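Single-structure report; data block below.
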Amino acid sequence: MSRSVLLSAAVLIAVIVTAPLMGSSHIELGRAFAGVSPDHEIFFYARLPRVILALLGGAALSVTGVLFQCMLRDPLAEPYTLGVSSGASVGAVIAICMGWRVTGFASLAGAALVLLMVLGMAVEGRRLSSFTLLLTGVTMNSMAFAVILFLHNLASFSQSFAISRWLMGGLESVEYSTLAWLALVVVGVSALVAAYAPHWNLLAVGDDWAASRGVSTVRLTTMGYVAGSVLTGLVTSLTGPIGFVGLIVPHALRLKLGADHRALLPCAFLLGGAFLVACDTLSRTVIAPTEIPVGVLTALCGGPFFLWLLKSRRRSLWL
Amino acid sequence: MTSFIARQLGFAYGLHEASFELPPSGLITIAGPNGAGKSTLLGILAGLRSPYRGSCAYAGREVRQWPKREFARKVAFLPQSVRLEFPFTAEEVVLMGRTPYARGWFQTDEDRSAAEEAMTITDTLAFRGRDFRTLSGGEAQRVILASALTQRPEALLLDEPATHLDLRHQLSLYRLLGELAKSLLVVAVTHDLNLALQFSHRVMLLEDGRIAGDGSPREVLNPALIARVFGVQATVHGDARPWMTYEV
Numbered sequence: 063m064s065r066s067v068l069l070s071a072a073v074l075i076a077v078i079v080t081a082p083l084m085g086s087s088h089i090e091l092g093r094a095f096a097g098v099s100p101d102h103e104i105f106f107y108a109r110l111p112r113v114i115l116a117l118l119g120g121a122a123l124s125v126t127g128v129l130f131q132c133m134l135r136d137p138l139a140e141p142y143t144l145g146v147s148s149g150a151s152v153g154a155v156i157a158i159c160m161g162w163r164v165t166g167f168a169s170l171a172g173a174a175l176v177l178l179m180v181l182g183m184a185v186e187g188r189r190l191s192s193f194t195l196l197l198t199g200v201t202m203n204s205m206a207f208a209v210i211l212f213l214h215n216l217a218s219f220s221q222s223f224a225i226s227r228w229l230m231g232g233l234e235s236v237e238y239s240t241l242a243w244l245a246l247v248v249v250g251v252s253a254l255v256a257a258y259a260p261h262w263n264l265l266a267v268g269d270d271w272a273a274s275r276g277v278s279t280v281r282l283t284t285m286g287y288v289a290g291s292v293l294t295g296l297v298t299s300l301t302g303p304i305g306f307v308g309l310i311v312p313h314a315l316r317l318k319l320g321a322d323h324r325a326l327l328p329c330a331f332l333l334g335g336a337f338l339v340a341c342d343t344l345s346r347t348v349i350a351p352t353e354i355p356v357g358v359l360t361a362l363c364g365g366p367f368f369l370w371l372l373k374s375r376r377r378s379l380w381l
Numbered sequence: 016m017t018s019f020i021a022r023q024l025g026f027a028y029g030l031h032e033a034s035f036e037l038p039p040s041g042l043i044t045i046a047g048p049n050g051a052g053k054s055t056l057l058g059i060l061a062g063l064r065s066p067y068r069g070s071c072a073y074a075g076r077e078v079r080q081w082p083k084r085e086f087a088r089k090v091a092f093l094p095q096s097v098r099l100e101f102p103f104t105a106e107e108v109v110l111m112g113r114t115p116y117a118r119g120w121f122q123t124d125e126d127r128s129a130a131e132e133a134m135t136i137t138d139t140l141a142f143r144g145r146d147f148r149t150l151s152g153g154e155a156q157r158v159i160l161a162s163a164l165t166q167r168p169e170a171l172l173l174d175e176p177a178t179h180l181d182l183r184h185q186l187s188l189y190r191l192l193g194e195l196a197k198s199l200l201v202v203a204v205t206h207d208l209n210l211a212l213q214f215s216h217r218v219m220l221l222e223d224g225r226i227a228g229d230g231s232p233r234e235v236l237n238p239a240l241i242a243r244v245f246g247v248q249a250t251v252h253g254d255a256r257p258w259m260t261y262e263v
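So the sequence lines, in the order shown, correspond to chains A and B. Under this note's numbering, the first sequence has 329 at position 267, and the numbering climbs by one with no breaks. Under this note's numbering, the second sequence has 185 at position 170, and the numbering climbs by one with no breaks.
Structural data, given as structure tokens:
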């Protein structure tokens, strides 16, 4: 278990060190640190913040994927299942159409609103119904999609471009102060979630299974849904929806590591981060200077890789 | 000495009113037609169905007032079947039973030796490393039992433990339960009156959420009561080791 965590950390470090050096223009690390222009600016203001955002985004989405699949006991669940990111998208699209500059805040507000509505729907007495949660999430996704289509229809040409660009999901350089806040929340919430790893194992088997072994299931699931939604909402507000990361990283890891959340959660954080940084680096370099939206790339690269993993599952079941 | 004491126990559905006392050891089966309240009753005893009406106390303390973790060291519950979506190994499933004793993130040597012991008793050591989902029904049921035993419980509650087992595994499971019942309370819901007749020390027969009969298997499982509760004609054969046949 600790070996796989160390290995994941090594992969992540390797990816982080090489990613900022790659891109449409060649730079040298020595010149960047010596403050020589333009290497310094490209490294510290264009690429490094973006790599950090990709790292935190990938980590958050993968951890949330592990969490939602466990709580809903549905291997097809992902961070977007509860509709939180649809809420974020609606918020962003409204901001774009109204000409507000605060797309990030608007999408965060949208995400929070949807989370409250979905949780409110699923509370039955003192229990939280996973089934209602799932259906409410699916409904929220459809409704949000309809609202987005409607607004898109009314939008001007330039707004329409901005909307499509946002919905594709993409990583751009953000301020270091924003990154610091994001890092604080993503690392903090992920650590909190990982602290309960032994209890997630029981919950992955069943509610009664966990409850009859002394786990406070209601408190744990409520905490899990709020934690996952905070992670997803926050990341989506900065990057737009980036699909597939939260689905394939957890599954690829389960095929290799088994289902123990004590290994799964730390590795999902580390390798989810590494995966999105790698995808983003590809998206910047493959047809440079043009960029492929990273959401498109995660699906295009991740999809076939995942299918291959599924196909070779029988052989790779060394648990 | 008693373990569970129930007075006018009822639930929103399934169970209307039941009063009984259970001893600290012995094998007790709960029988009755579909919808008679067997699983609901077992769920209340396990602390999983709340709020219930009336009173249900374990060791002198109301079940709903027990701290969950502490209760899980006294009472273990086995669901009817466990379906996993994720690749846990048999040993990982067994070790989950140690959760009420866990102090942190990592398993202790005591956890591992408890698991080893439970897997020896249930004869599951041979496939400890296998993916739980690849186990046969009989193997899976024994792994679940091993998991409950690692809780080191005083009472073991089982919901239809033999339903998915073939004849040989049914017998060996009940023989094992009989062995365990020498030192702890074993309560099993069952549809098989012959298993109840053969192995249990006491049968509780439920009908429409009420107790229709409670006593020794020979006394409760008599043709007249079975005809009333199940609507079938039963004939009891043999004297030393009785068995039953039924017809409509």
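Beta carbons are placed, not taken as given, at the ideal position from N, Cα and C, and that holds for glycine. Just so it is clear, the structure is predicted and the values come from calculations on it, not from any experiment.
Would residue i and residue j qualify as a contact pair, given that the criterion is a beta-carbon distance under 8 Å?
i	j	result
Leu190(A)	Ala184(A)	yes
Ala256(A)	Leu265(A)	no
Glu154(B)	Thr139(B)	yes
Ser192(A)	Leu129(A)	no
Thr17(B)	Pro260(A)	no
Glu175(B)	His216(B)	no
Ile158(A)	Trp243(A)	no
Leu170(A)	Ser299(A)	yes
Gly145(A)	Met230(A)	no
His179(B)	Gln156(B)	yes
Tyr189(B)	Ala170(B)	no
Leu317(A)	Leu369(A)	no
Ala51(B)	Glu222(B)	yes
Thr250(B)	Pro232(B)	no
Gly199(A)	Ala173(A)	no
Val307(A)	Ser66(A)	no
Leu240(B)	Leu220(B)	yes
Gly41(B)	Gly69(B)	no
Val218(B)	Leu195(B)	no
Phe147(B)	Val108(B)	yes
Leu309(A)	Glu140(A)	yes
Val311(A)	Gly127(A)	yes
Leu63(B)	Asp270(A)	yes
Val155(A)	Ile210(A)	yes
Going by other Cβ atoms of all chains shown within 10 Å of its Cβ, with 16 needed for buried, is residue i buried or exposed?
i	result
Asn49(B)	exposed
Trp380(A)	Reliability fails at Trp380(A), whose pLDDT of 38 lies under 50, so the model's placement of it is uncertain and the value that follows must be treated cautiously. Its Cβ having fewer than 16 others within 10 Å, Trp380(A) is exposed.
Met160(A)	exposed
Gly250(A)	exposed
Ser378(A)	For Ser378(A), the pLDDT reaches just 44, beneath the cut-off of 50, and the residue's location in the model is therefore unreliable, leaving the point undetermined.
Thr352(A)	exposed
Val77(A)	buried
Gly153(A)	buried
Thr343(A)	buried
Thr260(B)	exposed
Leu178(A)	exposed
Gly152(B)	exposed
Thr165(A)	buried
Val201(B)	buried
Gln248(B)	exposed
In the DSSP output, what is residue i paired with across the bridge?
i	result
Ile104(A)	According to DSSP, which records beta bridges pairwise, Ile104(A) is partnered with nothing at all.
Leu221(B)	Ile226(B)
Val202(B)	Ile43(B), Leu172(B)
Gly25(B)	Arg68(B)
Trp258(B)	His252(B)
Glu32(B)	Arg225(B)
Asp7(B)	This structure leaves residue 7(B) out entirely; chain B is present only between 16 and 263.
Phe92(B)	Leu172(B)
Val185(A)	Leu190(A)
Phe245(B)	None; Phe245(B) has no bridge partner.
Phe306(A)	Phe306(A) is not bridged to any residue.
Ile20(B)	Glu36(B), Ala72(B)
Glu77(B)	Ala72(B)
Which whole-angstrom value describes the C-beta separation of residue i and residue j, a residue pair presumed to lie in contact below a C-beta threshold of 8 Å?
i	j	result
Ala321(A)	Phe101(B)	4 Å
Thr165(B)	Leu99(B)	Their Cβ separation, rounded to whole angstroms, is 18 Å, which puts Thr165(B) and Leu99(B) out of contact at 8 Å.
Gly357(A)	Gly305(A)	6 Å
Ala235(A)	Tyr107(A)	The amino acid at residue 235(A) is misidentified as Ala; the sequence shows Ser. Going by Cβ atoms, the distance from Ser235(A) to Tyr107(A) rounds to 7 Å, so yes, they are a contact pair.
Phe35(B)	Leu60(B)	Not confirmed; about 10 Å, so no contact.
Gly268(A)	Val97(B)	7 Å
Thr137(B)	Leu160(B)	5 Å
Gly246(B)	His31(B)	Not a contact, Cβ separation roughly 20 Å.
**Message:** Pairs of beta-carbons, one from the segment 332-339 of chain A and one from the segment 208-220 of chain A, closer than 8 Å: are there three or more?
**Reply:** At 8 Å Cβ cutoff, the stretches do not touch.
**Prompt:** Does the count of Cβ pairs from the segment 270-290 of chain A and the segment 89-107 of chain B closer than 8 Å reach three?
**Reply:** Contact between the segment 270-290 of chain A and the segment 89-107 of chain B is present: three or more C-beta pairs spanning the two stretches fall below 8 Å.
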